[in-house]
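Protein sequence lines, in the order shown, are assigned to chains A, B, C and D.
Quick note on numbering: the first sequence equals residues -5 to 480 in the numbering used here.
Quick note on numbering: the second sequence equals residues 2 to 492 in the numbering used here.
Quick note on numbering: the third sequence equals residues 237 to 377 in the numbering used here.
Quick note on numbering: the fourth sequence equals residues 26 to 143 in the numbering used here.
The C-beta atom is built at its ideal place from N, Cα and C for all residues, glycine as well.
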Amino acid sequence: MSPSTVLLLTLALPLVAAVLTGLFDRRPNVREATTLVAGVLTFLVVASLVPDVLSGLRPEATLFEVVPGVSIAFTLEPLGMLFALVASGLWIVTTNYSIGYMRSHDEGHQTRFYTCFAVAIFAALGVALAGNLLTLFVFYEVLTISTYPLVAHHGDEKARRGARVYLGVLLTTSVALLLPAVIWTYTLAGTLDFTEGGILAGKADNLTLGILLALFAFGTGKAALMPFHRWLPAAMVAPTPVSALLHAVAVVKAGVFTVMKVAVYIFGIDLLASTHISVWLMYAAALTVMLSSLIAMTKDNLKARLAYSTISQLSYVVLGAALATGSGVIGGSMHIAMHAVGKITLFFCAGAIYVTAHKTEISDMRGIGRVMPITTFAFLIGALSVIGVPPFGGSWSKWYLALGAIDAHQSILVGVLMVSSLLNIAYLLPLPIRGFFSAPEGVANPKVKEAPLFCLVPLCVTATGCVLLFFYADGIYRLLAPLGGQ
Amino acid sequence: MEHLPVLLIVVPLMAAPLCVLIRQPTLVMGFALVVIWSCPLMAATLLQRVLADGTISYAIGGWPAPYGIEYRVDALNAFVLLFVSSLGAAVLSYAPRSIAREIPQSKHHLFVTSYLLCLTGLMGMTITGDLFNVFVFLEISSLSSYALISLGRHRRALTAAFQYLILGTVGATFILIGIGLLYQMTGTLNMADMAERLRDVTGVRTVLVAFAFLSVGLALKMALFPLHLWLPDAYAFAPSAVTAFIAATSTKVSVYVLLRFVFSVFGVGFAFDTLGLDRILLPLALVGIFVASTVAIFQQNIKRMLAYSSVAQVGYMVLGISFASVNGLTASIVHMFNHALMKGGLFMAMGCIAFRLGSVDLDRMRGIGRTMPVTMALWVVGGLGLIGIPVTAGFISKWYLIMAALEQDRWVVAALVLVSSLLALVYILRVVEVAYFQEPAEGDAHVTEAPMSLLVPTGLVIGATLFFGLQTSWSAGVARVAAESLLGLSR
Amino acid sequence: MTTVTILRVVTKILMPYILLFGLYVQFHGDFGPGGGFQAGVIFAAGIILYALVYGLNSAIRIAPPVVLESLFALGVLIFAGTGVATMLMGGHFLDYNALSPHDPIHGQHWGLMAVEFGVGMAVASGMTLIYFAFAGRERVR
Amino acid sequence: MSPLGLYNYWVVIFLMMTGFYVVIARGNLIKKIIGLNIFQTSVFLLYLTMGKVRGGTVPIFAEIRADIYTHPLPSVLILTAIVVGIATTAVALALIVRIREAYGTIEEDDLDAINREE
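Now the structure itself:
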C-alpha cells in the first residue's frame, strides 16, 4: 500500500466504525467490539507510518478541490503524526474505559455515544493529517458538531445549557474569527497549504500579521485561551469518558494543535521571531496559565478543577508556539502528548471515583485512597506528570518550554512556568494527600471498593504511559526535531 | 439538438394540458415524472454545450434576434435552468406520497398540471432573451403558484395565496411598467439589443424610472426585505411538496432576473456607478438578514421559521450582487444553487415530518430525533448548511461572500455576515435540542420513520448539499464562469 | 326558475348568430381585427347567455365541464403542437414558413390558422369553465 | 408640448394611483381586485399610448394604403397582458369564493382577526 492510501485508510477506519456502531444498535457487544477493533487498527495504521515520517517522508493525499487552489488534502508531518498517534492511541483506552463506565452507570443512548465518539475521532485525525488550513478548518468544525451530542448526552436542562455554551463558544469563535482569518490568509497568500517556513512571510505588513495572529489565536476556541475558555467548564456536564475525550484526546488538543500548526506552517517561526508579533500572545498565554490555575484552586468539584487545570495546561502549548524558538515549539508540541496522557489519567480516576463512590467534590473524598488505592495512586502519577516532576513525561515538555523561554530572552516567562508548577501542586495534590492520609469519612461504606475492571485497566495503562513517556521522550524529540529546525 | 432551448420549455408546457386530458391520478403522475426528469437532462446538455462553445441563441418562429423572440442561453442561465429543473424533478418525485395526505385525490391531476406550468414559467423566465417574454412567463409561474399554494389543507392557505396574489400581481405590474418604459426609450424588447441602445439614453429620467419600477417589482417577487411579507404565510401553509418546490426555485429565478437586468441590460456602470445601486442593496440585504433571522428564532411553526430563514438567505444573494465583483457575483450565484438545495431539502424533510405527525409545530417535534432518526438527521444536515458549517454547500457560499467582502476591505460587512450565521445557529439549534434531547409527547411515541418514497428524494437532495460542499467545480466553478461573463470579463 | 318567455325566445334566435359571429371573428383573424381570443370570448358569451336564460343545468348538458376541460387542454396542445410540427418540418419553433416549404406565405397562413384555432378553443372553453365554476357554487349562509 | 398635451399620461398616472390606492386601502377583497384591475388597466393604457402615432391609422395590411400607421406591437403586447390580467382576476375571484366559504367573510380585518386567534 502506498503511504497516501494508508493516510486515507486512517481516516476511513473511524468513519466505518461510526457507521457500524450505528448499525449494531441492538447488539451492544458487537457494537463495542467494533469500536475497539477499529481503534486498534487505526492506531496500528498510524504507527506504521512513523518510520516514513522519521526518515523525512511526507505522505500526501488530495481529494476534492473546494475553492480554486485549495483542496481537501492531507499531508502527514511530524506534528500531525504525534497528534494522530495520541488521538488514535487514547481512543482505544478511552473505549475500554467507556464500556466500563457507561455500562456500570446504565447510561442511555449508548449507540449515539459510540457513533459520535467515532466521528469525533475521525475529525480529530482529519485535523491531525490536514494538509492545508481549509481542510483543518473543515475537520475542526466537524469535531465541534460531532461532540455536541456527547456533551448534551444526558438531555436534561443542565446538560442542554452546558452544551449550548459549548457549541455557542466554539462555533462563534471559529465562524466569527477563525474563518475570516483563513479567508484573509487565502486572499493574502493565494494558498492555504501548510508549508515549512510559512506562507505569509513578505505578504503583509506587521500590523496585518498581528491582527491575523490574534484572529487565529482567539478564533481557535478549542485552545481555550482566555477569555474564550468558558466552554470547557460548561462541558463538564458530559459523562466522564466524554470529558476525557474533550480534555485529553481530541477537542482541546485539536485546538492547541491548530495554533501550533498555524504558528509553524502558516506564519513560520522565523517570521514570528523576527517581527515580534507574537510577544503579546506569550503574555496572553502566560496570563491564562496563571489565572486559570488560581481559579482551579477555588473549585471543589473535581471535574471543574481538572477543567481549569486543562485551560492552564493548554496555554503552555500556545506559549510554546508564541515563543517562536526551536525549543519552545518542540516543548509545546511535546506537551500535547504529555498532557494528554497525564490528564486522561486524572479524568479516568475522577470517573472511576464517581462510578463507584458517587463522589464529585474533593472535600468528600477523604480516605478514598484506602478503599480505592489503585485509582488514587494512578491519580497521583497523573498529577505528578502534569505538574512536571521527573520521572514522569510532563517534566520533559516543561523543560523544553523553559529552554525556549530562555532562548527567547523572556525570563519572566520562565518564572511564570515555575510558579504555575507550584500552583499545579497546590490544586492537584490535595486529593491524593487527603485520599491516603485522612481518615475515611462516609466513604468507609463497605460496598465501595475498587472501580470495575474495564475502568481500572485503562487508567493503569495511562498511568504507566506517564512513566514510559519520560524514558522514551527521545523518540518524540527525534520526531519533532524538524519543527524546531534542529 | 439545435431545438434544445425551446424543447426545454415546450415539453413541460405541452405535458401540462396532457395531464388534464389523462386525468387518472397514477397515470398522470407517471407521465409527469417522465416528462419532468427529461428537463434536467436537457438543461445539463445545454450547460455542457454552453460551457464548451459559448452562448446559444434560438429564434422563435425563425424571426432573427432583435425582431423576434430570442431564447438565449449562456453559462448563467444554463446553470439556473439546470438546478431549477433538477429540483423541480426531485420534488415532484417526492410529491406522490406527500400529496396523498394533503390534497384530495380528485385534484391530483390539477396539482400536477399547475406544477408543470409553474416549472415552465420559471424556466421560461430564465431562458428567454426577450423582456416581454419575461413578464409572460413570470405570470405563468405566479398564477400556477397561487393555485398550488391555495391547495394547502389549512384554510389559511387561501388567505396566504390571496395575499401573495395581490403582492405578486403588483410586483408583476411594476415589472410590466418598467419594461414598457424601457421599450418606449429604445424601441426594442430584445435584451442584448436593448443593452446596446440604452447606452445612448443613459441619463434620461425615463430610464431611471424604468429601473426603479423593475427593481421594486423584482424585489417583491424575490421577497427581499422589506417586501417579503407575502412569503412566510405562503410557505407555511402551502402543501409540503409545493413549499419545497417554490422555496427551492421561485425566489432564485427572480434573483436571476435581477442579475440579468442589472448586469446584462443596464450594465454595471449604470447600475452601480451612476445610480449607486450598492448603496441601496447592501443595507437592505444586511438589515434583511438580521431582521428575518431574528424573527425566525421566535417562530413556533417550523415551516414558518424556515420561511423567514429564506428571506434572510435572499439577503445573502443580494449582498453578493451589491459587491459587483467576480467573487461577489460568484457568491450570489452559487448561493442561489446551494440555498435551493438546502431549503428544498429542509422543506422536504418537513414534509416527511408533517406526513407522520400531521403538524410542523415545534412542540410536536419533541423526541422526533429518536422516532424519525433518518428524517431528522437529514434535517440537521440541511440546517448545518444554513449556518454555513464546512463540508456543507452553505459553507462555500459563505466563503465566497466573505472573500468578496474582504477584497473590498469591507470588514464590517464581513463581520456582520459571520455574526448573522450565528443567528442561524440559534434557530437550528433550537429545533435540534427539542428533537433530540426531549422525550416524545404521549401521543407521538409510536411515530415511525417516514416512508422510503419520501426519504429517498429528500436524502438525495440533502446528500447533494454535502456533495457540493466538497466538489465545488460544478457549482462554484460554473458560477464563476457565469459571474465573469456577467461582468464582461470573458467571452 | 321563473320562465321569461321573451328572453327565452330572443336567446333562441340570437344564439346561432352569436356563435356564427364568433366563428367569423375566429377565421377572419388573419385579415382584419379578430382572432382566437376574441372569438373564444364571443363563443363563450353565447354559452353563458344560454346558461343565464335556460339555467345552469341545461348549459352543462350541452357543454359538460369534463369535455370543456379536455377542449381547453386540447386547445393549448394545438397551439404548442403547431410549433412542434414546424420543428419537425425543419424550421424553428413556430416558424410557419416551414409548413409550406414552396410558398412561405401559405405556410404563415396555415400556421396562424391552426394557432388561432387552438387559442379560440382554449379561450372559449376556459371562459365557460370559469363561469360554471362560479355559477355552480352553493350559496354560503 | 404643454404638460396638458400629454393628457394620456395624466390619465395613466391618475388611474395607476387610484388603482394602487384601492388595493392598499380597501379591506374588502373584491374591492382590492377591482383596484388591481384599475391598476393594470392604467398600464395597458400606457402601452397603447406609446404605440399611438398622431394621425396614424389602423395597422392592417389591406386595400387601404396609408403612410402612417399606429405601431402595432404595443397593442399586441397588451393583448397578452390583458389575457394575463383576466387569468389573474379569475384566480383571485376563485380564491375569494373559497375564502368566503372557509371563513364566512371577505373583509381583510375580520380575516386577520380570525387568523390571529388561531
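Use the C-beta contact count for residue i: other C-beta atoms within 10 angstroms, 16 or more gives buried, fewer gives exposed.
i	result
threonine 292 (chain A)	exposed
proline 26 (chain B)	buried
proline 221 (chain A)	exposed
glycine 191 (chain A)	exposed
phenylalanine 267 (chain C)	exposed
lysine 399 (chain B)	buried
asparagine 23 (chain A)	exposed
histidine 229 (chain B)	buried
arginine 428 (chain A)	buried
glycine 326 (chain C)	exposed
aspartate 264 (chain A)	exposed
valine 413 (chain B)	exposed
leucine 278 (chain B)	buried
So for residue i, helix, strand or coil by DSSP?
i	result
serine 58 (chain B)	strand
arginine 51 (chain D)	coil
aspartate 131 (chain B)	strand
glycine 58 (chain A)	Note that residue 58 (chain A) is phenylalanine in the sequence shown, not glycine. Three-state DSSP puts phenylalanine 58 (chain A) in a strand.
tyrosine 142 (chain A)	helix
arginine 73 (chain B)	strand
isoleucine 247 (chain B)	helix
threonine 189 (chain A)	coil
valine 437 (chain A)	Confidence at valine 437 (chain A) is low in this model, with a pLDDT of 49, below 50, so its placement is unreliable and the value that follows should be read with caution. Here valine 437 (chain A) sits in coil by DSSP.
serine 486 (chain B)	helix
glutamate 197 (chain B)	helix
Out of the options, which has the shortest C-alpha to C-alpha gap to residue i?
i	options	result
glutamate 71 (chain B)	B:Leu132, B:Gln49 and B:Ala350	B:Leu132
glycine 55 (chain B)	B:Ala76, B:Ile37, B:Pro41 and B:Val35	B:Ala76
phenylalanine 299 (chain B)	B:Ile429, B:His229, B:Ala378 and B:Leu144	B:Ile429
phenylalanine 238 (chain B)	B:Ala220, B:Arg154 and B:Tyr184	B:Arg154
glycine 33 (chain A)	A:Arg25, A:Thr89 and A:Thr202	A:Thr89
tyrosine 348 (chain A)	A:Thr370, A:Lys152 and A:Phe465	A:Thr370
threonine 498 (chain B)	D:Leu73, D:Asp135 and D:Ile63	The structure shown does not extend to residue 498 (chain B), since chain B is modelled only from 2 through 492, so no value can be given for it.
tyrosine 180 (chain A)	B:Tyr401, B:Ser145 and B:Gly352	B:Tyr401
leucine 348 (chain C)	C:Ala360, C:Ala358, C:Leu335 and C:Gly372	C:Leu335
isoleucine 93 (chain A)	A:Gly249, A:Pro235 and A:Gln307	A:Pro235
methionine 481 (chain A)	A:Leu308, A:His103 and A:Ala344	No answer is possible for residue 481 (chain A): it lies beyond the span of chain A, which begins at -5 and ends at 480.
phenylalanine 308 (chain C)	B:Pro18, B:Ala394, B:Ala286 and B:Val361	B:Pro18
glycine 459 (chain A)	A:Cys110, A:Val365, A:Phe373 and A:Phe430	A:Phe373
glutamine 344 (chain C)	C:Ala299, C:Asn333, C:Glu352 and C:Phe263	C:Asn333
serine 98 (chain A)	A:Gly345, A:Ala467, A:Leu407 and A:Val383	A:Gly345
serine 82 (chain A)	A:Thr69, A:Thr4, A:Leu14 and A:Ala153	A:Thr4
leucine 239 (chain A)	A:Asp100, A:His403, A:Gly388 and A:Tyr142	A:Tyr142
Which whole-angstrom value is the C-beta distance of residue i and residue j, which I expect to be below 8 Å?
i	j	result
valine 92 (chain B)	alanine 245 (chain B)	5 Å
arginine 481 (chain B)	valine 327 (chain B)	7 Å
valine 246 (chain A)	lysine 216 (chain A)	6 Å
phenylalanine 342 (chain A)	phenylalanine 464 (chain A)	19 Å between Cβ atoms; not a contact.
glycine 336 (chain A)	serine 306 (chain A)	Their Cβ separation, rounded to whole angstroms, is 13 Å, which puts glycine 336 (chain A) and serine 306 (chain A) out of contact at 8 Å.
valine 231 (chain A)	histidine 148 (chain A)	7 Å
glycine 80 (chain D)	leucine 98 (chain D)	In fact, because the Cβ distance is near 19 Å, the residues do not count as touching under 8 Å.
How do the region 307 to 322 of chain A and the region 381 to 398 of chain A stand: do at least 3 beta-carbon pairs fall below 8 Å, yes or no?
yes
State whether the region 268 to 281 of chain C contacts the region 471 to 488 of chain B, with contact taken as three or more CB pairs (one from each stretch) at a distance under 8 Å.
no
Is there contact between the region 405 to 425 of chain B and the region 115 to 130 of chain A, where contact requires at least three CB pairs shorter than 8 Å?
no
Using 8 Å as the Cβ pair cut-off and three pairs as the minimum, do the region 360 to 368 of chain B and the region 334 to 342 of chain B touch?
no
For the region 440 to 459 of chain B against the region 221 to 235 of chain B, do three or more pairs of beta-carbon atoms, one drawn from each stretch, fall closer than 8 Å, so that the two count as touching?
no
Taking three-plus beta-carbon pairs below 8 Å as touching, is the region 65 to 78 of chain A in contact with the region 49 to 56 of chain A?
yes
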